[in-house]
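J.:
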Amino acid sequence: MGSNKFDTRKRWIRHRRVRKNVRGIADRPRLAVFRSSNHIYAQVIDDERGHTLASATSLELKSGDTKTVVAKAVGELVAKQALAVGVTKVVFDRGGYKYHGRVKALADAARSEGLSF
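Those letters in the sequence shown? Residues 249 to 365, by this note's numbering.
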């Protein structure tokens, strides 16, 4: 339990440090990722207005696939929703997580669907 608490604290510190500089604006909103042990969530956020423009989560998908495959599907889904509201460019906020595994799969899938970041 102790090391898990330490890892969570370190992730929170990394996330706060990155969020000082990463801001989503109207023409380039922020694609924020949250990863839990079982699910992954993604939101396209306009920080100036405080509005979520698009969102997708692994809870919406009824799939028995691996978590990486599900993360890829979430990336495709959030990209389609963002493109539907007219967003083509985003700033990627990895949420303090390493750009690796599920976070990378989500980002690559969003790029392949047409989002640029």
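Beta carbons: idealized from backbone N, C-alpha and C, even for Gly.
1. Residues in the same chain with beta-carbon distance under 7 Å from G349, minus the five sequence neighbours each way, listed in chain order, please.
2. For L363, which of helix, strand or coil comes out of DSSP?
3. Can you check which of these residues, A321, G343, R278, is closest to L354 by C-alpha distance?
4. Can you tell me which of the three DSSP states L309 falls into?
5. Of the residues I293, H263, E361, which one's Cα is nearest the Cα of G323?
6. A357 and L279: beta carbons closer than 8 Å?
7. Is the Cβ-Cβ distance between H287 and S311 less than 8 Å?
8. Below 8 Å between beta carbons: does that hold for L301 and D294?
T.: Looking at the coordinates:
1. T316
2. coil
3. A321
4. Coil at L309, not helix or strand.
5. E361
6. no
7. no
8. For the pair L301 and D294, the CB atoms are nearer than the 8 Å cut-off.
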